[in-house]
Amino acid sequence: MLLFKLSGYVFSLPYSERAFTGCDTDFLSCHVWACLVLNILVRLVYYNRNEEGNMLVKNFLLLFILSFSVAAYVIAATDDIPEVNIIPLSDLQQDALLSKSKKLPILIAFTADYCHYCEVIKDEFLKPMILSGDYTDKVLIREAEVNSYTNIRGFSGEQIGLDNLAVQYRATMTPTIILLGPEGELLAERLVGVTTVDFYGGYLDNAIDAALAQLRKTGKD
623 MLLFKLSGYV FSLPYSERAF TGCDTDFLSC HVWACLVLNI LVRLVYYNRN EEGNMLVKNF
683 LLLFILSFSV AAYVIAATDD IPEVNIIPLS DLQQDALLSK SKKLPILIAF TADYCHYCEV
743 IKDEFLKPMI LSGDYTDKVL IREAEVNSYT NIRGFSGEQI GLDNLAVQYR ATMTPTIILL
803 GPEGELLAER LVGVTTVDFY GGYLDNAIDA ALAQLRKTGK D
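Taken in order, the sequence shown gives residues 623 to 843; the numbers are from this note's numbering.
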């Protein structure tokens, strides 16, 4: 049982301290919070059985209802967010045909499953970019997980491992993002690592814009 003190009163919860440090956030926010509030309400009624106490209980109850409604709305809104998957790089020859026909650069994000900052750029930047739909006419987005040692089809139809592809484009550090044209040419500066998350989106947009401009300029020539 967990005990704590509030406004001179000691309150108890039918859960151990571990309930506040576990991984199940919904359990903490729903069961423990509801039990806490009900416990406080009962004790407020018991210790303040007068007009002032009744007003205090009413105000507290209104605050609880409001906060619970907001929490329920936030949870529902979060649940409505669709799952987004980045297309794994598997066929550069096919991507090159798509790049050439649509005049779009190919963005390859070199990642690794042990790389924390790879998850950051995927969750904070690449997935929202795909979800927004704003980049559909600007770039083809692919992920190359280098430590999967998967073989893919290269630009010339040859089989090449993702680890070797990373070496070829000097992308052995993860995360690294490169932007390529349909011939496999580099169209913009590589984005290596994550120096400042706050500015990364700007750097990424600038690289995409530069690659798109370079590709379309080359197409006109």
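By construction, the Cβ of each residue, glycine as well, lies at the ideal position given by its N, Cα and C atoms.
Helix, strand or coil at residue i [DSSP, three-state]
i             : result
glutamate 811 : coil
glycine 857   : Any property of residue 857 remains undetermined from this structure, which presents the chain solely from 623 to 843.
aspartate 756 : coil
threonine 772 : coil
alanine 832   : helix
alanine 788   : helix
threonine 817 : coil
threonine 798 : strand
Span separating the alpha-carbon of residue i from that of residue j
i                 : j              : result
phenylalanine 821 : alanine 793    : 21 angstroms
proline 727       : serine 721     : 6 angstroms
asparagine 707    : methionine 677 : 52 angstroms
threonine 818     : proline 704    : 27 angstroms
proline 804       : glutamine 715  : 8 angstroms
tyrosine 757      : arginine 764   : 13 angstroms
phenylalanine 777 : aspartate 713  : 8 angstroms
glycine 815       : threonine 796  : 6 angstroms
glycine 630       : leucine 688    : Confidence is the limiting factor: at glycine 630 the pLDDT is only 48, short of 50, which leaves the residue's position unreliable, though a coordinate-based value still follows. Approximately 25 angstroms, taken between the alpha carbons.
aspartate 831     : tyrosine 771   : 31 angstroms
proline 710       : isoleucine 774 : 10 angstroms
leucine 762       : aspartate 827  : 13 angstroms
phenylalanine 747 : histidine 738  : 14 angstroms
alanine 810       : leucine 834    : 9 angstroms
lysine 725        : lysine 749     : 22 angstroms
threonine 798     : leucine 813    : 5 angstroms
glutamine 836     : asparagine 769 : 31 angstroms
leucine 729       : isoleucine 782 : 18 angstroms
Cβ neighbour criterion (16 or more within 10 Å) applied to residue i
i              : result
glutamate 780  : exposed
threonine 643  : The predicted position of threonine 643 is uncertain, since its pLDDT is 38 and thus under 50; no value can be drawn from it.
leucine 802    : buried
aspartate 735  : exposed
valine 789     : exposed
leucine 844    : Not covered by the structure: residue 844. The range shown for the chain is 623 to 843.
aspartate 646  : Reliability fails at aspartate 646, whose pLDDT of 40 lies under 50, so the model's placement of it is uncertain and the value that follows must be treated cautiously. Exposed, since its Cβ has fewer than 16 Cβ neighbours within 10 Å.
aspartate 785  : buried
leucine 753    : exposed
isoleucine 800 : buried
alanine 731    : buried
lysine 839     : exposed
Residue from the options whose Cα sits closest to the Cα of residue i
i           : options                        : result
alanine 718 : Glu741, Glu807, Ala766         : Glu807
glycine 824 : Leu809, Thr840, Met751         : Met751
serine 723  : Leu748, Leu813, Lys760         : Lys760
alanine 766 : Phe747, Asp745, Cys740, Gly755 : Cys740
Identify every run of the beta strand (DSSP E) within the segment 708-753, keeping only runs that are complete inside it and at least 3 residues long; order them along the chain.
-> 728-733
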